[in-house]
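Peer 1: Quick one: this structure, given as structure tokens, is what I'll be asking you about.
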Amino acid sequence: MTNSHEVPTPINVKYFSKGAIVLSFLTLIGLCGYIYRLIVGLDASTNLNNQFPWGIWIAIDVASGVALAAGGFTTALLADVFHKDKYHSLTRPALLTAMLGYTFVVVGLLADLGRYYNVWHPMIPSMWQGNSVLFEVGLCVMIYLNVLYCEFLPILIEKFMGHVNLPGILSRYNSLVESLLRISNRTLYRVLSLFIIAGVVLSCLHQSSLGTLMVIAPYKMHPLWYTPILPLLFLLSAISVGFPMVIFESILSAWSFKLKPETKTLASIAKYTPFLLFCYLSIKLGDLAIRNAFGYLTEINIQSVAFVLEIGIGVILPMVLLFQKSKRHSIKYLFISACCIIFGILVNRINVFLIAYTPPFSNDFYFPSLIEVIVTVGLISGLILIYRFMVIHLPVISVQRVKFNIVTDTPKSKATIKG
Amino acid sequence: MNKDRRKFLKMATATVAAATILPSVSEASLEHCEEDFDNAFGVLVDTTVCIGCRNCELACDRQNELTDHPKSYFMDNTVFDSRRRPSVESYTVVNSSFDSSSTDNKSFGKIQCMHCNHPACVSACIVGALTKCKHGVVSYDAWKCIGCRYCMVACPFQIPAYEYKEALKPRVMKCTFCYDLIHNDKKPACVESCPVEALTFGKRGDLIKHAHVKIEAAPNNYYDHVFGENEIGGTSWMYLANKDFINYDLPKLEEEKIPSLTESIQHGIFKSFLPPLALYGFLGLVMHSIRQDKKKEEENDEQS
């Protein structure tokens, strides 16, 4: 499957770089905020109120988190289902991001739930509520998270199979664990495609249903965003952000680990993005035209500005950039476009869940509290830290062996291949 | 593209087509059973009669043991200076200028959970903690609740309040329609307490007739509309006023039931699980056929 010269390898670098130290600090502050929220409750830790029951923990941690983890299923679709083998080097980083992303979505959601200890309730058949959009989202996310863990298992097996070495008294089980790994490796190899397809289907379902969530509040949503096709827009935007997210990470990792960026592969995968963005944009604008909602853009208020920001910087600019072949082959412009698209998705999800949410009877308004911000920042930092830990210790990032030797000759490079 | 692959793709397309046609046949069976809302309980609020004494607020507070406020708290008329919303401390609040005639001809009206016929909150609730009972009551089971607050997002009347101050066991707080009382053939506490009979408790069907009789008897006194008769599929609590009251405390609503907005999408996607299964089958066939192609290509390469 994998091209002969590209092998996923643990990256041998020092864990605590300057950036990692800053992130650890932010994670620690976020953790304190998280524990504070669990102890004192939502009133003391958030600015949520009766008229604005959802804040940034839902809009950013959950909604944006799920959208930005879409790289996992889009890359799997392209590389595994459509067998575009040249993108295989991108599947593992994308899978790791999706796995960690969804894990942190659940962690973030727990902070927001008033009775977080009841989070298992939707799994009990007697409490199933098939009419609830949230029930579908919750169940899909939960199943998908487990599918992601299963998809990730081969990476762990690859790391440990053949050299299981448990410490002390446990060492007598070495051969037992070894054979268990071999059995699961063989079973997984057979059923992995089933999991991969399941992941794609589950993703399509809950990515779109996240959009359906707000369809239930027609009288509270600003007309620039309220449309019955919100689920379609959410699905399309999630698919559009999948590859840019992979590009974004790949360039960041290359920069952080002093590796040669896979410009050719990234430029190649970026060619799909402007077409996806074009589809998304035309449906979104067409819908606005059909609903006669363009007029709301002439009013200057927070909604119209947020909408122009979302579409202008988040969709049109990167689409124009990526339609040009020369820009696609420049790491700089690839990175800028990816950043724009990710920004656009983030702003879109914040817009739909917070900016568009304008209930008619409200004296208060919502602005996130300090605790809400530090918890959100802490969760993102924590995710990056675990990602860094995993790519240093597990075979995730593909290093081009042949070209790599050339890179190591340059004085800048610090990375070497482990093992 | 070789023949095998084309055959597979054809089969796959057929599967998807079948999946999209089949569900429309069973559509009718998934529709909600129409319930007998005429015989459910309801309350008619006549805002032209209400004098703003806030006795209903006091009765509600005592019945539901919400606060320790003294009786004098509920006689303070300065509360009418601001527009209040129901909260964790009060399931119902009386506001002044309920209708649009704000300066002259001051009038009052109370707001609380409307106990909709087709409640958005019930449709939204992830665990079925909110239910519509046969008496017409929308009731809440805190034990099931996970505290996601989607019901608050869904409610078009902005009624449910949340116990944000509770660290461990926060609840969604809203009018219970005094379920225990009406279950035992008594009136809700607020209705019982009203000194001027601004609140009429009864069967919803009778109340609608009663309301239209009132309007016909005194057309100059009333704006010709019973709020809640048809709004979002009807509500158990309904309102009469002397002018168009779509302004301060009640939102302008269409007749379409809110749950059907999301449920039609949901049940469309999940009809007998066919669409997801069809997508699964389609992707599986695509994956399989391309893999076979690649294998054959490799074999050919080796031979040549």
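Heads up: the protein sequence lines correspond to chains A and B, in order. Residue numbers for the first sequence follow this note's numbering, so the first one is 233 and each next one is one higher. Residue numbers for the second sequence follow this note's numbering, so the first one is 1220 and each next one is one higher. Ideal Cβ placement from N, Cα and C applies to all residues, glycine included.
How close, in whole Å, do the beta carbons of residue 504/A and residue 466/A come, if the pair is a contact with beta carbons under 8 angstroms?
Peer 2: That pair is no contact at about 19 angstroms.
Peer 1: How many Å lie between residue 555/A and residue 631/A at the Cα?
Peer 2: 28 angstroms
Peer 1: Could you name the residues of the stretch 1361 to 1376 of chain B whose beta carbon sits closer than 9 angstroms to any beta carbon of chain A, in the order they occur along the chain?
Peer 2: 1361, 1362, 1363, 1364, 1365, 1366, 1367, 1368, 1369, 1370, 1371, 1372, 1373, 1374, 1375, 1376
Peer 1: Run the CB neighbour count on residue 397/A, radius 10 Å, all protein chains shown included, and call it buried at 16 or more, exposed below.
Peer 2: exposed
Peer 1: Which residue or residues does DSSP assign as beta-bridge partners of residue 1315/B?
Peer 2: 1327/B
Peer 1: For residue 1457/B and chain E, any beta-carbon pair shorter than 7 angstroms?
Peer 2: Of the chains in the structure shown, none is chain E; the protein chains are A and B.
Peer 1: Note down, in chain order, every chain A residue with its Cβ under 7 angstroms from the Cβ of residue 1380/B.
Peer 2: 282
Peer 1: Using alpha carbons as the reference points, say which of 1332/B, 1284/B, 1280/B lies closest to residue 1358/B.
Peer 2: 1332/B
Peer 1: Using DSSP's beta-bridge definition, name the partner residues of residue 1446/B.
Peer 2: 1458/B
Peer 1: Counting only beta-carbon atoms, is residue 530/A nearer than 7 angstroms to chain B?
Peer 2: False, the Cβ-Cβ gap to chain B never drops below 7 angstroms.
Peer 1: Does the structure place the stretch 1279 to 1286 of chain B close enough to the stretch 1448 to 1455 of chain B that three or more beta carbon pairs sit under 8 angstroms?
Peer 2: Cβ pair count under 8 angstroms is below three, so no.
Peer 1: Suppose contacts are defined by Cβ-Cβ distances below 7 angstroms. Is residue 600/A in contact with residue 288/A by that definition?
Peer 2: Yes, they are a contact pair.
Peer 1: Enumerated in chain order, which unbroken segments of the beta strand (DSSP E) with a length of 3 residues or greater are wholly contained in the stretch 1361 to 1439 of chain B?
Peer 2: 1418 to 1422
Peer 1: For residue 409/A, which residues from the same chain have a beta carbon less than 6 angstroms from its beta carbon, with the 5 sequence-adjacent residues on both sides left out?
Peer 2: 396
Peer 1: In whole angstroms, give me the CA-to-CA distance for residue 1413/B and residue 1353/B.
Peer 2: 26 angstroms
Peer 1: With H, G and I counted as helix, E and B as strand and the rest as coil, what does DSSP make of residue 1357/B?
Peer 2: strand
Peer 1: What does a CB cutoff of less than 7 angstroms around residue 453/A pick up in its chain, not counting 5 residues either side in sequence?
Peer 2: 446, 588, 589
Peer 1: Considering only their Cβ atoms, is the gap separating residue 470/A from residue 343/A smaller than 7 angstroms?
Peer 2: Not a contact, by the Cβ cut-off of 7 angstroms.
Peer 1: Determine the direct distance from the alpha carbon of residue 389/A to that of residue 458/A, and round the result to whole angstroms.
Peer 2: 46 angstroms
Peer 1: Between which two residues does the alpha helix (DSSP H) carrying residue 1351/B extend?
Peer 2: Element bounds for residue 1351/B: not the alpha helix (DSSP H) but the beta strand (DSSP E), 1349 to 1351.
Peer 1: In this structure, does DSSP put residue 491/A in helix, strand or coil?
Peer 2: coil
Peer 1: Does residue 548/A come within less than 7 angstroms of chain B when only Cβ atoms are used?
Peer 2: no
Peer 1: Determine the direct distance from the alpha carbon of residue 1420/B to that of residue 594/A, and round the result to whole angstroms.
Peer 2: 29 angstroms
Peer 1: Just verifying my parser: in three-state terms, what is the DSSP assignment at residue 1333/B?
Peer 2: coil
Peer 1: In the DSSP output, which residue or residues are listed as bridge partners for residue 337/A?
Peer 2: According to DSSP, residue 337/A bridges with nothing at all.
Peer 1: Would you check if there are 3 or more beta carbon pairs closer than 8 angstroms linking the stretch 1500 to 1515 of chain B to the stretch 1376 to 1383 of chain B?
Peer 2: no
Peer 1: Given this structure, state the Cα-to-Cα distance separating residue 435/A from residue 302/A, to the nearest angstrom.
Peer 2: Going by the C-alpha atoms only, they are around 8 angstroms apart.
Peer 1: Go ahead and label residue 534/A buried or exposed: buried means 16 or more other beta carbons lie within 10 angstroms of its beta carbon, across all protein chains shown.
Peer 2: So residue 534/A counts as exposed.
Peer 1: Closer than 7 angstroms, CB to CB, is residue 596/A near chain B or not?
Peer 2: no
Peer 1: Cβ closer than 8 angstroms: which chain A residues qualify as neighbours of residue 1526/B?
Peer 2: Given that chain B is displayed from residue 1220 to residue 1523, the structure contains no residue 1526/B and the question cannot be resolved.
Peer 1: Would a check of beta-carbon distances place residue 429/A closer than 7 angstroms to chain B?
Peer 2: yes
Peer 1: Distance check for residue 242/A and residue 252/A, CA to CA, integer angstroms please.
Peer 2: 18 angstroms
Peer 1: For a contact meaning CB atoms closer than 7 angstroms, what does residue 1510/B contact in chain A?
Peer 2: Per Cβ cutoff of 7 angstroms: 315.
Peer 1: Quick one: measure Cβ to Cβ for residue 1306/B and residue 1380/B, integer angstroms, because I've assumed they're closer than 8 angstroms.
Peer 2: 5 angstroms
Peer 1: If we define contact as Cβ-Cβ less than 7 angstroms, is residue 1332/B a contact residue for chain A?
Peer 2: no
Peer 1: Kindly provide the ranges of any alpha helix (DSSP H) runs that are 4 or more residues long and lie completely inside the stretch 555 to 595 of chain A, ordered along the chain.
Peer 2: Correct list: 557 to 560, 563 to 582.
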